[in-house]
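All the letters of the first sequence, read from the start, carry residue numbers 44 to 584 under our numbering.
Before any comments, here is the structure.
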Amino acid sequence: MDNRTEIIPASPRPRVSASSFFITTAIDYTNGAPHIGHAYEKVLADVLARYHRLKGQEVFFLTGVDQHGQKVQQSAEKQGIAPKQFVEEVTSKFRALWTKLGVDYSEWAATTDARHKECVQKILIRLNNEGQIYKDKRGGYYSVRQEQFLTDKERNAAGEFGPEWGEVEFREEENYYFKLAEHKDWLLALIAKRSADGNPLVVPDFRVAELRNAVEKLEGDLCISRPKARLAWGIEFPFDPDFVTYVWFDALVNYISFAPGYDPAPGADLTTFRRWWPALHVIGKDILIPAHGVYWPIMLKALGFADESIPPLLVHGWWNIGGAKMSKSLGNCIDPDVLADKYGAETLRYYLMSDIVTGRDADFSEERLVQRYNTDLANNLGNLLNRTLNMASKYRQGVLTLGEGETRALGEAAVQRHGSACLLALDRFSPDAGLEAAGALATWCNGLVEDTAPWKLAKDPAQAEKLDAVLYSLAESLRIIAILISPVLPKAAAGIFAQLNWDKPFKLEDTTWGLLPDGHQLGKPTPLFPRIETKATDGGV
RNA sequence: GCCAGGGUAGCUCAGUGGUAGAGCAGGGGACUCAUAAGCCCUUGGUCGGGGGUUCAAAUCCCUCCCUUGGCACCA
């Protein structure tokens, strides 16, 4: 219904470059196959990237994989293969899935890439030269079995380390540390300033408070190395070959090491880089604190980035399964590859974009996926296209005539109303609300058909111009709906254009009413979204 | 434990002082251009429990229960 198109997220949109759009996703850890959460984030970023391309902006969409680290090293050892081979196998699964789902990225960030390693090492050298990194010896309790230091969090109710850790010993270890704590006040001020300026560091805004609380509790510096004896699978410290860098200065740096034109050398020419930066970082809520909300801004600050250049974070929620958190240990992971094969990639894209409010959690249900496809795509939009072309074919041999102006004005007003709601939603990173607005336009069109009953108009020669105007308004609305949904459903949008016999590129400016010319010949109707028939017993996941 | 947010129709949620709402699902009807789709009408709720303030509370206050997230490197 019309009033639902008014549901627009309240958070202001952070400012990123106007002429170009740089968007990144988290890079996925290559310790296992991709699940539905990985797919959601990449599709979300892809939809936003496609939307900005639709607006005519240059888009740089960066995604990739985080391939280093202890878990990968351990998993590879278990399989008796080299870490390199292990991550290559897992990485290929991710890339194949993104291809299947139509995730159209510009650059692939793999942390084992030579370009990335070089950038990470240059950054470490620079920060070391500038006194932001120091070496220190600290002690702690170490689990030999788990090959990790334990913190108080690992202690049980009795204040002891449980038997699951095996033999626990006190151990001292030298490592490199990054000066984090001295930037605490700067970061607090930045968070406040950016929110006050309407250019929030974090969206949605309820996450800003969470971040502020976390920063206020910040104390101590950040350990950024591991001795090679303990972890060999990583990027070597350029000034100390006994160590590799540990996660932060490896994974987070991908956002600039793979960006166009970045060079960490002091005084380097960053003209190209600045044309794109800052990026919009699309991340999950699990990695906001502390990685992206605390460490990353401070790392960039240390590298000389200005306050306005600290990138905004778009924090999405999680897909739960039957109310429970999805996890490998529960064995309730949803395989997006299987779903895409079963229902089609665009059906999955539609579900992932429509059934979750950006920033919040949602419950994944295969049954609901089918239901939303049938209700929204097959019954509402697909059938609208089909009945429109059938009527045009039956009553007018598929030729459009402008017809009476009053009826067309109604169509134009509806397109204006729902179209602007859709675009506003996409500007606010909410494909869910955008799709709802586009769907509301289709619903309005179906209402127009019922109100005007073209099958009756066709029997009365005196109503010929009205019939023409109805058919024109429907076809023109469908053309515009196709553009509006194209970021989410590029193939279906192309299918609508094809059936409308409208061979034009997708552009946002073409959502203007009235571009289909008088006398336009429409194509032949074919069901665009065939209904998914389910057995009554097939209840989904 | 601390901080923040929730608990409203079968499901997903809107509604912050003035006679309980939407979409989907369920039921009924009229129509026929259409993917048995679309359209119209409609059944569903003592608004988590208890107490309080008020002429009036889903809405404010107190309390209890349940739940989610963050504080703790799994999108």
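Cβ coordinates follow ideal geometry from the N, Cα and C atoms, glycine included.
If you're wondering where the values come from, they're calculated on a predicted model, not measured in any experiment.
If you drop the 5 nearest sequence neighbours on each side, which residues of the same chain put their C-beta closer than 7 Å to that of residue i?
i: V458; result: L484, S520, I523, W556
i: F549; result: L97, I526, S529, A536
i: W320; result: F65, A302, S352
i: H81; result: D71
i: N297; result: I70, G107, A152, T154, H159
i: T486; result: N423
Please report the distance separating the alpha-carbon of residue i from that of residue j.
i: W545; j: A456; result: 22 Å
i: R587; j: L230; result: Residue 587 is absent from the model: the chain starts at 44 and stops at 584.
i: Q122; j: Q116; result: 10 Å
i: S63; j: K178; result: 40 Å
i: Y148; j: Q175; result: 34 Å
i: D306; j: D293; result: 16 Å
i: R430; j: L491; result: 12 Å
i: Y393; j: C465; result: 15 Å
i: G336; j: A257; result: 9 Å
i: L527; j: L254; result: 34 Å
i: G99; j: I267; result: 41 Å
i: L193; j: G209; result: 12 Å
i: R114; j: L357; result: According to the sequence shown, residue 114 is Lys rather than Arg. The alpha-carbon atoms of K114 and L357 are separated by roughly 27 Å.
i: W151; j: I377; result: 24 Å
i: V531; j: M396; result: 7 Å
i: G327; j: Q164; result: 27 Å
i: I575; j: I364; result: 22 Å
i: Q191; j: S118; result: 15 Å
i: K227; j: E259; result: 8 Å
i: L314; j: G304; result: One point to set straight first is that residue 314 is Thr, not Leu, in the sequence displayed. Whole-angstrom Cα-Cα distance: 8 Å.
i: N171; j: E389; result: 48 Å
i: L510; j: A501; result: 7 Å
i: E262; j: M342; result: 16 Å
i: G454; j: L517; result: 8 Å
i: A476; j: R169; result: 45 Å
i: E212; j: R273; result: 15 Å
i: A139; j: D380; result: 9 Å
i: E279; j: L167; result: 10 Å
i: R214; j: Y220; result: 18 Å
i: A421; j: I234; result: 45 Å
i: A345; j: R415; result: 47 Å
i: I79; j: E508; result: 50 Å
i: G183; j: N218; result: 13 Å
Would you mind sorting residue i into buried or exposed? The rule is 16 or more other CB atoms within 10 Å of its CB.
i: T73; result: buried
i: R317; result: exposed
i: S463; result: exposed
i: Q128; result: exposed
i: K385; result: exposed
i: D398; result: buried
i: T612; result: In the structure as shown, the chain starts at 44 and stops at 584, and residue 612 therefore has no counterpart that could be examined.
i: T48; result: Its pLDDT being 30, under 50, T48 is placed unreliably by the model, and the measurement read from it follows with that caveat. So T48 ends up on the buried side.
i: S135; result: exposed
i: K499; result: exposed
i: F249; result: exposed
i: P57; result: buried
i: A496; result: exposed
With a CB to CB cut of under 6 Å and the five nearest residues on each side skipped, what residues in its chain are close to residue i?
i: D109; result: I70, Y72, T154, A294
i: A435; result: G441, L514, L565
i: P573; result: none
i: L391; result: L382, A383
i: T554; result: G462, I523, I526
i: L551; result: L97, K98
i: H563; result: L443
i: Q506; result: L500
i: L469; result: Y94, G477
State the CB to CB distance for the pair residue i and residue j, rounded to an integer number of angstroms; the pair is presumed to be in contact (CB under 8 Å).
i: R439; j: L323; result: About 46 Å separates the two Cβ atoms, so there is no contact after all.
i: L432; j: P568; result: 4 Å
i: G402; j: P247; result: 4 Å
i: G360; j: D404; result: 4 Å
i: V146; j: G75; result: Between G75 and V146 the Cβ distance is about 19 Å, and since that is not below 8 Å, they are no contact.
i: V325; j: E84; result: 6 Å
Spatial neighbours of residue i within its chain, please: CB distance less than 8 Å, with the 5 preceding and 5 following residues excluded, ordered by chain position.
i: G277; result: H111, G112, R269, V287, T288, Y289, D293
i: L445; result: R451, D511, A512, Y515, D561
i: L223; result: L261, G263, D264, L265, V337, Y338, I341
i: Q542; result: L428, L432, L565, G566, K567, P568, T569, L571
i: L331; result: V245, R250, E253, L254, L356, V358
i: A125; result: A119
What alpha helix (DSSP H) runs, 4 residues minimum, are completely inside the stretch 530-564? 533-543
Those runs of the alpha helix (DSSP H) which lie wholly inside the stretch 424-504 and span at least 4 residues: 426-439, 448-470, 474-495, 497-500
Starting from the N-terminal side, write out each stretch of the alpha helix (DSSP H) that is 4 residues or longer and does not extend beyond the stretch 205-291. 227-239, 249-259
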